[in-house]
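Colleague: For reference, the structure I am asking about is given below.
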Amino acid sequence: MNIHEYQAKEVLKGFGAPVASGVPITQVSEAEAAARQLPGPLYVVKSQIHAGGRGKGKFKELGPDAKGGVRLAKSVEEVVQHATEMLGNTLVTAQTGDAGKQVNRLYIEDGADIDRELYLSILVDRAVGRVAFVASTEGGMDIETVAHETPEKIITVAIDPLEGVTEADAGKLCDALELDGQARTDGMSLFPILYKAFTEKDMSLLEINPLIVMTDGRLRVLDAKVSFDGNALFRHDDIKALRDESEEDAKEIEASKYDLAYVALDGDIGCMVNGAGLAMATMDIIKLYGKEPANFLDVGGGADKAKVTAAFKIITADPAVKGILVNIFGGIMKCDVIAEGVVAAVKEVGLKVPLVVRLEGTNVDKGKAILNDSGLAITAADDLDDAAKKIVAAVG
Ligand code: ADP
Ligand code: MG
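In the numbering used here, each residue carries its 1-based index in the sequence shown increased by 220.
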C-alpha cells in the first residue's frame, strides 16, 4: 500500500525525523490560511499523488510551458495562485503513464534553503536477504539517470537484522553522502530513526529523494515516498487509515473486497488463474506468443462460485480486455466450481470477447461437462501451451 508524501512525513516525524512544517489542503480557499501558518518567506506547493517525478511533471490542461507539480512560491499570494492552477488538474509524470493523475490535494510546505540534494532509501534487498540502505550524493530529480549512467555513485549498506544500524553502518552512510559537521551529527541519528520506522511499520520501501543538507548545515527529509507490505497491514490500523482509495485502481479495490490477488496490467488478455506461480507462468506464456496480459489474477485455493464470479466480472469490466484465458489446475480448487463460476458470470455480464478455458485436475470431467452444456461460446484447451496459442490467435 502506498501513501502520500505528506502522510509519509507525518509518520517519519513521529519517529523523530527532521521534516519541514506543512499543511495539506484540498480546496483553493484553504491555501491562504495554510501558507499563513508557515514561517515564509519561501513556500513550496506540492501535488499529492501516488507517483514520483512530480517536479518535472506537466499538467495536461496547462500546456508544455506551465510550471510542474512542485512549485516554489515567494509569497502567500503566489501560493494561492499556484493552488488555483494546480488543484483539479491532471499531472503527467514519468511514473503516471500518459493518462496522468488528477491532483486532488496539495501540500503547502515551508521552503528550505538547499545546499545539497542527496538520495537515500531503505528497501528489502533480496540479493543479500536483508534490509538495506541505498545512498548517493547525486540526489534530486535525476536519480534514474544516475543509476543508468554512473551506477558507481550509488552505494548500498545492508543491515544485520540482529544488530540494527550500527555506528559503523551509519558512518559508512555518512561517508557515502559526504556528510560532515552538523550534517554528519544529524545523519548519525537519522539513519537509525529511519530504519526503526521502516521495520516497526513494516514498510517495503522508504525513499527520500532528496534528503537535503541545508545552508545552515542541517539535514532535512524533503521528499518521502513510502510503501507498506500489504500482508502486514492487519497489525497497523494507523497505517491502514492512511489509505487513499481514489489513488488506486478501481479494479484492484474491487478485487481486494473479495480477497482476490489482482494486479492491473497494460495488456489486452485477461487472465484468471489459481495459484500465483501458475498465474506468473500464464502471463509468461502469453508474452511468449506475442501478446501482453491485462492483469495478474490468482483466485486462490479456496475460491467459491461467488469469488470466481466476482473475479470474472472484474476482468470483463476492463475495456482493454480483448480476450480471456482461464487457466485452472484443480488441486484444492475443484474444476467444477470454477466452471460454475465462469458460466454464472458469463450469464450475468455477457461475453463480448473470446474466452479460452483450460481445466486440469480435480473434477476436470465435471468441469468440462458444465462448460459444454452451458451453450456458451467457450473454447476448450488441453494444456497451457494450447490455451495460450488459442487465446492469442482469437485476439488476433
Ligand atoms: P518529486 O520527486 O515528485 O519531483 P520532490 O518533493 O522531490 O518531488 O520535489 C522536487 C524538487 O523540488 C526537489 O528536488 C527540491 O529541489 C524541490 N523542493 C521540494 N520541496 C521543497 C521544499 N520544501 N523547499 C525547497 N525546495 C523543495
Ligand atoms: Mg523527489
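The beta carbon of each residue, even a glycine, is placed where N, CA and C say it ideally should be.
Less than 8 Å between the C-beta atoms of Leu498 and Asn547, yes or no?
Modeller: Closer than 8 Å, so yes.
Colleague: Spatial neighbours of Lys471 within its chain, please: CB distance less than 8 Å, with the 5 preceding and 5 following residues excluded, ordered by chain position.
Modeller: Excluding positions up to five away in sequence, the list reads Tyr482, Ala484, Asn515, Ile534, Ala537, Asp538.
Colleague: Please state the DSSP three-state secondary structure of Asn222.
Modeller: In the structure shown, Asn222 sits in a strand (DSSP, three-state: E or B).
Colleague: Give the C-beta separation of Tyr339 and Gln268 to the nearest angstrom, bearing in mind that I take them to be a contact with Cβ-Cβ under 8 Å.
Modeller: No, Tyr339 and Gln268 are not in contact; Cβ-Cβ is about 21 Å, not under 8 Å.
Colleague: Let me know the alpha helix (DSSP H) ranges lying completely inside the stretch 380-464, each 4 residues or longer, listed in chain order.
Modeller: Qualifying alpha helix (DSSP H) stretches, in chain order: 387-396, 401-420, 457-460.
Colleague: Is the distance from the Cβ of Leu517 to the Cβ of Ala237 below 8 Å?
Modeller: Taking 8 Å as the Cβ cut-off, Leu517 and Ala237 do not qualify as a contacting pair.
Colleague: Beta-carbon within less than 8 Å of Asp318's beta-carbon, same chain only, minus the 5 sequence neighbours each way: which residues are those?
Modeller: If we look at Asp318 and ignore the five residues flanking it on each side, its Cβ neighbours are Val312.
Colleague: Let me check one thing: in DSSP terms, what residues is Arg325 bridge-paired to?
Modeller: Bridge partners of Arg325: none, in fact.
Colleague: Would you list the residues whose beta-carbon is nearer than 5 Å to any heavy atom of the ligand MG, in the order they occur in the chain?
Modeller: Here the residues come out as Asn429, Asp443.
Colleague: Should Thr502 be labelled buried (16 or more other beta-carbon atoms within 10 Å of its own) or exposed?
Modeller: So Thr502 counts as buried.
Colleague: Could you tell me whether the Cβ atoms of Ala608 and Ile544 are closer together than 8 Å?
Modeller: No.
Colleague: Considering Cα atoms alone, identify which of Leu596, Lys266, Ala352, Thr304 is closest to Lys567.
Modeller: Ranking Leu596, Lys266, Ala352, Thr304 by Cα distance to Lys567 puts Leu596 first.
Colleague: Between Leu596 and chain D, is the shortest Cβ-Cβ distance under 8 Å, so that the two count as touching?
Modeller: The structure shown contains no chain D; it is built from a single protein chain.
Colleague: Excluding the five sequence neighbours on either side, which residues of its own chain have a C-beta within less than 8 Å of the C-beta of Ile489, listed in chain order?
Modeller: For Ile489, where only same-chain residues beyond five positions count, the Cβ hits under 8 Å are Ile506, Lys511, Glu512, Pro513, Ala514, Val541, Lys542, Gly543, Ile544, Leu545, Ile611, Val612, Val615.
Colleague: Using DSSP's beta-bridge definition, name the partner residues of Pro244.
Modeller: Paired residues: Tyr327.
Colleague: Phe235 by DSSP, collapsed to three states: which one?
Modeller: Three-state result, Phe235: coil.
Colleague: What would DSSP say about Met503, mapped onto helix, strand or coil?
Modeller: Of the three classes helix, strand and coil, the one that applies to Met503 here is helix, per DSSP.
Colleague: Please classify Pro371: does DSSP put it in a helix, a strand, or coil?
Modeller: Pro371: helix per DSSP, three-state reduction.
Colleague: Indicate whether Gly277 and Gly260 have their beta-carbon atoms separated by less than 8 Å.
Modeller: No.
Colleague: Where do the ends of the beta strand (DSSP E) carrying Asp606 lie?
Modeller: Segment 604-615 is the alpha helix (DSSP H) holding Asp606; no beta strand (DSSP E) there.
Colleague: Label Asp333 either buried or exposed according to how many other C-beta atoms from any shown protein chain fall within 10 Å of its C-beta, with 16 as the threshold for buried.
Modeller: Asp333 comes out exposed.
Colleague: Taking 7 Å as the cut-off, does the CB of Glu329 come closer than this to any heavy atom belonging to the ligand ADP?
Modeller: Under cutoff, so the answer is yes.
Colleague: Is the CB-CB distance between Asn309 and Glu281 below 8 Å?
Modeller: Their beta carbons are under 8 Å apart, which means Asn309 touches Glu281 by this criterion.
Colleague: Looking at the ligand ADP, does it come within less than 7 Å of Ile334, judged from the CB to the closest heavy atom?
Modeller: Ile334: yes, Cβ under 7 Å from the ligand ADP.
Colleague: Would you check whether the ligand ADP has a heavy atom nearer than 7 Å to the C-beta of Lys276?
Modeller: Because some heavy atom of the ligand ADP lies under 7 Å away, the Cβ of Lys276 counts as near it: yes.
Colleague: When the Cα of Lys321 is compared with those of His270, Leu480, Val296, Asn451, which residue comes out closest?
Modeller: Considering only alpha carbons, the answer is His270.
Colleague: Do the CB positions of Ala352 and Val377 come within less than 8 Å of each other?
Modeller: Yes; because the gap between Cβ atoms is below 8 Å, this pair is in contact.
Colleague: So, at 6 Å on beta carbons, what are the nonlocal neighbours of Ala314 in its own chain, with the 5 sequence-adjacent residues on each side left out?
Modeller: Excluding residues within five positions, the ones whose Cβ falls inside 6 Å are Gly273.
Colleague: Are there any heavy atoms of the ligand ADP lying less than 7 Å away from the beta-carbon of Lys266, as far as the coordinates show?
Modeller: The answer is yes for Lys266.
Colleague: Let me check understanding here. Comparing Cα to Cα, which of Phe418, Ser241, Glu560 lies closest to Glu329?
Modeller: Among Phe418, Ser241, Glu560, the Cα nearest to that of Glu329 belongs to Ser241.
Colleague: Which same chain residues end up closer than 8 Å to Glu465 when comparing Cβ atoms and leaving out the 5 residues on each side of it in sequence?
Modeller: Answer for Glu465: Ile473, listed in chain order.
Colleague: Can you tell me whether Ser267 is helix, strand or coil according to DSSP?
Modeller: Of the three classes helix, strand and coil, the one that applies to Ser267 here is strand, per DSSP.
Colleague: Considering Ser476, what are the terminal residues of the alpha helix (DSSP H) in which it resides?
Modeller: Ser476 -> alpha helix (DSSP H) spans 470-477.
Colleague: Val573 lies in the beta strand (DSSP E); which residues open and close that run?
Modeller: No beta strand (DSSP E) holds Val573; DSSP gives it neither H nor E.
Colleague: Between Val231 and Pro574, what straight-line distance do the alpha-carbon atoms span, to the nearest angstrom?
Modeller: Taking the straight line from one Cα to the other gives about 48 Å.
Colleague: With a threshold of 6 Å on Cβ separation, who are the neighbours of Val243 within its own chain once the five nearest residues in sequence on each side are excluded?
Modeller: Excluding positions up to five away in sequence, the list reads Ala254, Gln257, Ile328.
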